[in-house]
Amino acid sequence: MLARLYFLPLLLFVAGCASWSTDPTLEALPAPSHPEDAKLLPKSADDPIEPLNRGFFALDTALFNYALEPAWSGYNKVVPEKARKGIKYFRTNLGYPIRLTANLLQGEWSNAGKETQRFLINTTVGVLGFSDPATDKYKIVLPKEDLGQALGKWGWAESAYLHVPVLGASSPRDVIGISGGIYINPSSWVYGAGAALKFNSKSFDAKTTRRLLDTEFDPYSLNKLYYSRKRAVEIANAKPIMVGEDTPQTQTLMADFFRPKNEDFGKQADQINIQPKGFRKTLPASVWMQEDPAPIAFVIPGLGGHRLSSRVMALAELAYLEGYHVVCFSNNLNWEFIQAAPAGYLPGYLNDDLKYLRQAHAAIISKIGDQTAGSPAVLGFSMGGWYTLNLAATAPPDTYSYALAINPPLNLNKGLDVLDG
Numbered sequence: 002m003l004a005r006l007y008f009l010p011l012l013l014f015v016a017g018c019a020s021w022s023t024d025p026t027l028e029a030l031p032a033p034s035h036p037e038d039a040k041l042l043p044k045s046a047d048d049p050i051e052p053l054n055r056g057f058f059a060l061d062t063a064l065f066n067y068a069l070e071p072a073w074s075g076y077n078k079v080v081p082e083k084a085r086k087g088i089k090y091f092r093t094n095l096g097y098p099i100r101l102t103a104n105l106l107q108g109e110w111s112n113a114g115k116e117t118q119r120f121l122i123n124t125t126v127g128v129l130g131f132s133d134p135a136t137d138k139y140k141i142v143l144p145k146e147d148l149g150q151a152l153g154k155w156g157w158a159e160s161a162y163l164h165v166p167v168l169g170a171s172s173p174r175d176v177i178g179i180s181g182g183i184y185i186n187p188s189s190w191v192y193g194a195g196a197a198l199k200f201n202s203k204s205f206d207a208k209t210t211r212r213l214l215d216t217e218f219d220p221y222s223l224n225k226l227y228y229s230r231k232r233a234v235e236i237a238n239a240k241p242i243m244v245g246e247d248t249p250q251t252q253t254l255m256a257d258f259f260r261p262k263n264e265d266f267g268k269q270a271d272q273i274n275i276q277p278k279g280f281r282k283t284l285p286a287s288v289w290m291q292e293d294p295a296p297i298a299f300v301i302p303g304l305g306g307h308r309l310s311s312r313v314m315a316l317a318e319l320a321y322l323e324g325y326h327v328v329c330f331s332n333n334l335n336w337e338f339i340q341a342a343p344a345g346y347l348p349g350y351l352n353d354d355l356k357y358l359r360q361a362h363a364a365i366i367s368k369i370g371d372q373t374a375g376s377p378a379v380l381g382f383s384m385g386g387w388y389t390l391n392l393a394a395t396a397p398p399d400t401y402s403y404a405l406a407i408n409p410p411l412n413l414n415k416g417l418d419v420l421d422g
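According to our numbering, the stretch in the sequence shown is residues 2 to 422, in order.
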C-alpha cells in the first residue's frame with residue numbers, strides 16, 4: 002500500500018532525469034494554414050513527460066497482448082456473463098464508502114443520501130450487491146464520484162497526464178485520490194481481493210481495448226484525450242441534455258450503432274497483405290473466405306474508417322452471410338492506407354483515390370482469384386458509399402455485379418459543412 006503512495010514521486014523524479022528530442026519529420030511539416038482551428042478541437046491534459054508516459058503505455062500494451070488478453074479470453078469462456086456482471090455489481094457496491102466520502106467532501110448532501118439509499122437497497126434487495134435493483138427497479142442513478150473528483154472540485158481541476166503501469170490513464174491528482182481511497186475501500190482490506198475484482202470488471206473492456214490498439218494510428222493519444230475529457234466532465238458534474246433530435250444529420254450519425262450480430266466476426270477474418278505497383282508498403286486487407294468458390298464483395302469504410310471498425314464488420318457480415326468472399330481495406334483517408342500508398346499521395350482527390358482503390362482490388366483478385374466466381378460486388382457507407390458510386394459509374398460495364406451505397410453524401414464539402422454546423 003505504501004509502495005503505491007511512493008510510486009508517484011518516483012515517476013516524477015525519473016521523468017526529470019529523462020531527456021528526449023522531437024521527431025524531425027514532425028518539425029519538417031508546414032505550419033497550419035488556419036491555426037485558430039485548433040481551438041475548436043477537444044483538448045487533452047498537459048503531458049510534460051510524454052516520452053515516459055508512452056513508454057509505460059507500451060509496457061501496458063505488451064502486458065495486454067501477452068498476458069491479460071489471453072487471461073480474459075479464457076476467463077470469459079469459463080465464467081458466464083451473468084456471473085461476471087454480478088461480481089461487477091458487487092465491486093461497485095463495495096465502493097460505497099469512497100463515493101459517500103467524495104460526495105460529502107464536495108458538499109453534495111443530496112447525492113450522499115441517494116448513494117446511501119442505493120447501497121442499502123443493493124445490499125439487501127440486491128443480495129449483497131450482486132445485482133442493481135436501485136437502478137433497474139427504483140431508478141436511482143447517480144454519477145460515480147471518487148476522491149480525485151473531490152480534489153478537482155476543491156480547485157485542482159487541471160492536472161498533468163500520467164500513465165501509470167497497470168493502473169493506466171491517470172494524473173497526479175487522481176493517483177493521490179486512488180491512494181487515499183485504499184484506506185476506505187473494503188476490497189483492499191483482504192489481500193488480492195481488490196485486484197481480483199478489478200480483473201473481473203476489466204474483462205468487459207478487453208474487446209474495446211483490442212479494437213483501439215488495432216485500428217488507431219496513435220492509441221496513446223486517443224486514450225489520453227478520452228481520459229482527459231471524461232475526467233473534465235466528471236469533475237464539472239456535467240449532465241447531458243436529454244432532448245431528442247430527429248434530423249437528417251442525426252439519422253446519418255445513427256450508422257455509428259451498426260454492429261455485427263456475431264461479436265467475434267472480426268476474429269474470423271484472415272489478414273492478407275498486398276502491394277500494388279507503386280505502393281511504398283504492403284497494404285493489409287481483412288478477408289473472410291467462403292469454403293467454396295464465390296464472388297468477392299469489396300466493403301469500403303466511411304470517412305477515415307479502419308477495416309476492423311464495427312460498422313465495417315457489420316456490413317461485411319451481411320455480405321458474408323449472402324455467400325460472398327468479403328474483402329475490406331481501410332478507407333483512403335485512414336492512416337493505414339496513406340502509409341502504404343505511393344509517395345506524395347494526398348487522399349481526397351477523387352481520380353487518385355479511385356485509381357488506388359482499383360489497384361488494391363486488382364491485387365487482391367490476383368491473389369485469391371482462383372477461389373472466386375463471377376464479377377465482384379462493391380458496397381460502402383457514407384464516404385465509402387460515395388466511392389462505391391464513383392467506382393461503379395467510371396468502370397467498364399459488367400465490372401461489378403452489384404453496387405450498394407448506404408448514406409452516401411451528394412457533395413462531400415456540403416456534407417462536412419452540415420455535420421460541422
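Ideal Cβ placement from N, Cα and C applies to all residues, glycine included.
Whether Ala298 touches Ala378 by CB criterion (8 Å): In this structure, Ala378 lies closer than 8 Å to Ala298 by Cβ.
Beta-bridge partners of Ala163, as assigned by DSSP: For clarity, residue 163 is Leu in the given sequence; the question names Ala instead. According to the DSSP secondary-structure assignment, Leu163 is paired through a beta bridge with Ser171.
Bridge partner(s) assigned by DSSP for Asn274: BP columns for Asn274 point to Pro285.
Phe382 and Asn414 closer than 8 Å at C-beta: Taking 8 Å as the Cβ cut-off, Phe382 and Asn414 do not qualify as a contacting pair.
With 16 other Cβ atoms within 10 Å as the buried cut-off, status of Gly306: Burial is judged here by how many other beta carbons sit within 10 angstroms of a residue's own beta carbon; Gly306 has at least 16 and is buried.
Cβ-based burial, Leu101 [other Cβ within 10 Å; buried from 16]: With 16 or more other Cβ atoms within 10 Å, it is buried.
Nonlocal neighbours in the same chain, by C-beta distance under 7 Å from Phe131, ignoring five residues either side: Hits under 7 Å: Gly87, Tyr90, Phe91.
Three or more C-beta pairs below 8 Å linking the region 265-283 and the region 355-374: Yes, the region 265-283 touches the region 355-374.
contact_flag[the region 224-233, the region 42-55] where n(CB pairs < 8 Å) is 3 or more: With a cut-off of 8 Å, the region 42-55 and the region 224-233 count as touching, because enough Cβ pairs lie within range.
For Asp147 and His326, the rounded distance between their alpha carbons: Cα to Cα, the separation comes out at about 50 Å.
Ala286 versus Asn94: straight-line alpha-carbon distance, rounded: Computed Cα separation, rounded: 45 Å.
C-alpha distance - Gln118 paired with Tyr97, whole-angstrom precision: Each residue's Cα considered, the two are about 11 Å apart.
Contact set for Gly169: own chain, Cβ-Cβ below 6 Å, skip 5 residues either direction: Within the same chain, Gly169 has no close Cβ partners at all.
Where the beta strand (DSSP E) through His326 begins and ends: Element bounds for His326: 326-329.
Assumed close pair Asn274, Glu318 - CB separation to whole angstroms, cut-off 8 Å: Going by Cβ atoms, the distance from Asn274 to Glu318 rounds to 23 Å, so no, they are not a contact pair.
Whole-number beta carbon distance between Gly195 and Asn186, since they are thought to touch under 8 Å: 7 Å between Cβ atoms; contact.
Range covered by the alpha helix (DSSP H) that runs through Val79: Start and end: 70-79.
Beta carbon of Arg174 nearer than 8 Å to that of Gly149: Going by C-beta atoms, Arg174 is nearer than 8 Å to Gly149.
Short Cβ contact (8 Å threshold) for Thr395 with Leu334: The Cβ atoms of Thr395 and Leu334 lie no closer than 8 Å to each other.
Sub-8 Å separation of Ala135 and Ile236 beta-carbons: No, Cβ-Cβ distance for Ala135 and Ile236 is not below 8 Å.
Element boundaries [beta strand (DSSP E), containing Ala342]: First-last for Ala342: undefined, no H or E at that position.
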